[in-house]
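Heads up: the protein sequence lines correspond to chains A and B, in order. When we follow our numbering, the leftmost residue of the first sequence carries the number 1147, and every step to the right adds one. When we follow our numbering, the leftmost residue of the second sequence carries the number 1147, and every step to the right adds one. Think of the CB as a built atom: it goes at the ideal place given N, C-alpha and C, for glycine as much as any other residue. If you're wondering where the values come from, they're calculated on a predicted model, not measured in any experiment.
Number of protein chains: 2
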Amino acid sequence: MSDMPKSATSTLGPVRRFSIEPPVSAYADAVARSGGEVVEVGPDTEGLIWTGSPDGLADVLVRTPAVRWVQLPSAGTERYQRAGMFDSDVVYSSAKGAYARPVAEHALALTLAALRFLPDRARATSWGAQRGRSLYGLRVLVIGGGGIAAEYLNLVRPFGCAVTVVRRQPAEVPGAAEVVTQRELFSRLGSADVLVLAAALTDDTRRIIDAAALRRLPAEAVLVNIGRGELVDTEALVAALQAGELAGAGLDVTDPEPLTDGHPLWRTQNTLITPHTADTAAMVEVLLGERIADNVARLVAGRPPVATVDPALGY
Amino acid sequence: MSDMPKSATSTLGPVRRFSIEPPVSAYADAVARSGGEVVEVGPDTEGLIWTGSPDGLADVLVRTPAVRWVQLPSAGTERYQRAGMFDSDVVYSSAKGAYARPVAEHALALTLAALRFLPDRARATSWGAQRGRSLYGLRVLVIGGGGIAAEYLNLVRPFGCAVTVVRRQPAEVPGAAEVVTQRELFSRLGSADVLVLAAALTDDTRRIIDAAALRRLPAEAVLVNIGRGELVDTEALVAALQAGELAGAGLDVTDPEPLTDGHPLWRTQNTLITPHTADTAAMVEVLLGERIADNVARLVAGRPPVATVDPALGY
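And the structure:
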């Protein structure tokens, strides 16, 4: 979770009146049980629980001039940044970390599926030859050092993997054999059996896995992306998979997204595409409700909320 | 692992000369590094490392009258029992427990795949709606209390599941919320989100999951079979999946096996079939080599080998 932007939150003070837009009863319950008052969207709104699409938020902000804090529904916030939202004095909290568990679980599901050629098997209509690699003892490279990466490391711990984490700033990551910065990524690709993309999308990480990076991966390696589709050069990924320069891929995010009908990725060998469902609406509602309850309790007491967006970083 | 049949192993004494049939250099190395002597199949053979099919073993035994111990290559031994092998004074060791890790890993891969509708997604050629359940906190029912079950429980520990283990005899199983005998199975089916079959095939477990058992499972439940195909009534399973009375299935073993071309299971919704590849030959060679080295070291020293088959139980 990013550090608090100190200037904004120190002037935030207690926030007591919250609006939920669009209305979701589970979130109204979360506000109420944490001591917040639920009000209609309007001049009384001090805190806004926003679970609509990024496009609709600007209109709501025009109608809520007193708003000082906004809870966003997603962990990734690049679309809000692109729309210029973070340039105001309003404090934004993302859902960073709230969905770490189901997303890390999905990353593990895709990892095992790709290693064991389950996409190819799901399409088979006849008994076949043995294929597959076991995850035990493999070398895993994770790009991203946030909550999803931490939980993924927790889930793969029983497999005794040697895990390298690539993150913006070096820091201790429990379960990682080493933590390196992006500068050292290229030198680590050649010895990766599993590459997991769990980074935020920024100017530094856009297409971080390009044709050169894919060439550097061993042909037996598999790629898992539960971050953002634009972390990968999709055209280069298709070419690598078709040429057998990569053993398989599990993608919960794509570029473009949704992936268009007829796109070659739909039929690339040993590739599994899930429609951004690592965390489904049902999973999200429970976990976002818990996050809202936590943040509202903090704000009512005049304490800073968690997972505030750093305007300079954009996440 | 089953208890030693005491009568047979107490008279076994040191075993020093081993034959490997068919010849596998990795297994000859394992015998040699544990202090055993590798000899041609014949009158000098005291211990036999057998990795052929069950059918060929009888012929080899005729040519090895001095054999006192046989290492079998599989954890399941029902085909050797059916052939009457266990009626002699020869001590048999199965590979029970040796492949627990990759098989438990495969069971987890199939569990996550079925819960998250990955078989359906692998067949899709278009973006789709969100579907899927998260494994965190679900209720898992495991039939079988051996090494695979133990390792599966180890792998799912981070998910905080409530696990019930069904086994022949009650015993403490680390990580299980409760351990019950087969008599109580039926009463536990109604509250299972995930049903994992990891039992040996015996007269007691054949078709242990029949039409009545499948009806008892919740419609949201998924079934994973990494034991033996005959643990399940396949016709009833197809019917349950087609009727939506079961959310999905992951099957590494089938009945018949290999599953015949055109069998309805190939196209049953959200069903993933892998061709008995939970442990591939490459994975097996490493792990069986370790088991052979362990057993040969024990036998040379006059100690009992591990995973001996109890003739009365047949596994």
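Listed as beta-bridge partners of THR1454/A by DSSP are SER1239/A. Note on geometry: alpha-carbon atoms of ASP1175/B and GLN1227/B lie some 29 angstroms from one another. Following the DSSP letters along the chain, one finds ALA1221/A in no alpha helix (DSSP H), marked with neither H nor E.
LEU1392/A carries a coil assignment under DSSP once its states are collapsed to helix, strand and coil. Remark: fewer than three beta-carbon pairs, one from each stretch, lie closer than 8 angstroms, so the stretch 1210-1224 of chain A and the stretch 1267-1283 of chain A are not flagged as touching.
Across the structure, ALA1346/A and GLU1297/A are spaced so that their CA atoms are roughly 16 angstroms apart.
Listed in chain order, the positions of the stretch 1272-1294 of chain A with a beta carbon within less than 9 angstroms of a beta carbon of chain B are SER1272, TRP1273, GLY1274, ALA1275, GLN1276, ARG1277, GLY1278, ARG1279, SER1280, LEU1281, TYR1282. Neighbours of ARG1262/B in chain A, taken as residues whose beta carbon is under 8 angstroms from its own, are HIS1252, ALA1255, THR1420, THR1423 in chain order.
Of all C-beta pairs linking the stretch 1297-1310 of chain B to the stretch 1297-1306 of chain A, three or more are shorter than 8 angstroms, placing the two stretches in contact. Nearest C-alpha to ARG1279/A among THR1348/A, ALA1443/A, TRP1273/A, ALA1259/A: ALA1259/A.
In the three-state scheme derived from DSSP, where H, G and I count as helix and E and B as strand, ARG1413/B is classed as helix. For PHE1332/B, DSSP records no beta bridge to any residue. Taking the Cα positions, PRO1189/B is about 6 angstroms away from PRO1211/B. Residues of chain B whose Cβ lies closer than 8 angstroms to the Cβ of PRO1248/A are, in chain order, SER1280, TYR1282. DSSP places PHE1164/A in the strand class (E or B) of the three-state scheme. By the neighbour-count criterion, in which 16 or more other beta carbons inside 10 Å mark a residue as buried, ASP1401/A falls on the buried side.
Secondary structure note for ILE1438/B: its alpha helix (DSSP H) is the uninterrupted segment 1427-1446. Within the stretch 1215-1228 of chain A, contact with chain B at the beta-carbon level (separation under 8 angstroms) is assigned to no residue.
Close CB contacts of TYR1282/B within its chain, under the 7 angstroms cut and outside five residues either way in sequence, are with PHE1305, GLY1306 (chain order). Secondary structure at THR1380/A: helix, using DSSP grouped into helix, strand and coil. Counting the other CB atoms within 10 Å of its CB gives ASP1379/B a total of 16 or more, which places it among the buried residues. Contact annotation: the stretch 1393-1413 of chain B does not touch the stretch 1192-1209 of chain B, with fewer than three C-beta pairs closer than 8 angstroms. When C-beta distances to chain B are compared with 8 angstroms, the residues of the stretch 1298-1312 of chain A below that value are ASN1300, LEU1301, ARG1303, PRO1304, PHE1305, in chain order. Around the CB of ASP1349/A, fewer than 16 other CB atoms lie within 10 Å, so the residue is classed as exposed. Below the 9 angstroms Cβ cutoff, chain A contributes no neighbours of PRO1320/B, its closest Cβ being approximately 13 angstroms away.
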